[in-house]
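Q:
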Amino acid sequence: MLRVVKHVQGPFLLRNAACLSTAALPLPKTDVQPHFKKIFINNEWHDAVSGKTFPTINPSTGEKICDVAEGGKPDIDLAVKAARDAFKLGSPWRIMDASERGVLLNRLADLIERDRVYLASLETLDNGKPYQMSYFADVALTVKCLRYYAGWADKIQGKVIPIGVYSLLNVYC
Numbered sequence: 000m001l002r003v004v005k006h007v008q009g010p011f012l013l014r015n016a017a018c019l020s021t022a023a024l025p026l027p028k029t030d031v032q033p034h035f036k037k038i039f040i041n042n043e044w045h046d047a048v049s050g051k052t053f054p055t056i057n058p059s060t061g062e063k064i065c066d067v068a069e070g071g072k073p074d075i076d077l078a079v080k081a082a083r084d085a086f087k088l089g090s091p092w093r094i095m096d097a098s099e100r101g102v103l104l105n106r107l108a109d110l111i112e113r114d115r116v117y118l119a120s121l122e123t124l125d126n127g128k129p130y131q132m133s134y135f136a137d138v139a140l141t142v143k144c145l146r147y148y149a150g151w152a153d154k155i156q157g158k159v160i161p162i163g164v165y166s167l168l169n170v171y172c
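Under numbering that gives the first Met the number 0, think of the first position of the sequence shown as 0, with each following residue one higher.
#1: Using a Cβ-Cβ cutoff of less than 8 Å, which residues in the same chain neighbour residue 25 once the five nearest sequence positions on both sides are dropped?
#2: Identify every run of the beta strand (DSSP E) within the stretch 40-111, keeping only runs that are complete inside it and at least 3 residues long; order them along the chain.
#3: Please say whether residue 112 and residue 142 have beta carbons closer to each other than 8 Å?
#4: Keeping to the same chain, check which residues put their C-beta closer than 7 Å to that of residue 118; ignore five residues upstream and five downstream.
#5: Just how far apart, CA to CA, sit residue 41 and residue 125?
#6: With a CB to CB cut of under 7 Å and the five nearest residues on each side skipped, what residues in its chain are close to residue 92?
#7: Thinking just about the alpha-carbon of each residue, which of 114, 156, 131 is nearest to the one in residue 97?
#8: If we count Cβ pairs, one from each stretch, closer than 8 Å, do we get three or more for the stretch 52-62 versus the stretch 74-83?
#9: Measuring straight from C-alpha to C-alpha, what distance separates residue 51 and residue 154?
#10: Short of 8 Å in beta carbon distance, which residues of its chain neighbour residue 69, apart from the five on each side in sequence? Order them along the chain.
#11: Just tell me which of 104, 56, 39, 64 has its CA closest to the CA of residue 151.
#12: State the beta-bridge partners of residue 155 as determined by DSSP.
#13: What number of angstroms, rounded off, separates the C-alpha of residue 132 from the C-alpha of residue 27?
#14: Please report the straight-line C-alpha distance between residue 30 and residue 89, rounded to a whole angstrom.
#15: Taking Cβ positions, are residue 65 and residue 36 nearer each other than 8 Å?
#16: Under 8 Å by Cβ, that's how I've got residue 140 and residue 108 pegged, so tell me the actual separation to the nearest angstrom.
#17: Check the Cβ-Cβ distances between residue 62 and every residue of chain B, and say whether any is below 8 Å.
#18: What do you get for residue 130, buried or exposed, if any count of 16 or more other CB atoms within 10 angstroms of its CB means buried?
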């Protein structure tokens, strides 16, 4: 069994050595603090309707990082209403050219790439995972995902592609 594991891991690690190397890894920010602590709904930052907050804790030290807004049912209702309004006929999102939607998704990916050291440092502070994983996995894969969907934004074909186990249940993406 050990021989099989070595055989599987060896080629994988060789193919992906660049993403695992610390040579290309910029140093994390050590003085990172969250800039936004509210709920983001309809392109605006809001306090929770209830006014409640909760502490987010640094898992490596047990110290409080900051207090963030604690969303509840009224906040969810506001977010759902904003999403439904965005898809109503005549709304800015509905009348926007599909290629412009792709441009917006790419712009978001650009901003995440620009601030990737800050975001990876903040992710590491918040959940305690290694900085290398936050940088090369969480942030990098978020950018790749956004760019993937940006590329599809204007490729309207009318087809639905089943994905994974959900296709067995006739649930489609």
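Every residue, glycine too, gets a C-beta built ideally from N, C-alpha and C.
A: The structure says:
#1: 116, 134
#2: 43-45, 52-56, 63-68
#3: yes
#4: 111, 138
#5: 25 Å
#6: 85, 86
#7: 156
#8: no
#9: 43 Å
#10: 47, 49, 51, 52, 53
#11: 104
#12: Its beta-bridge partners do not exist; DSSP assigns none.
#13: 12 Å
#14: 45 Å
#15: yes
#16: Not confirmed; about 11 Å, so no contact.
#17: Among the chains of the structure shown, chain B does not appear; only one protein chain is present.
#18: buried
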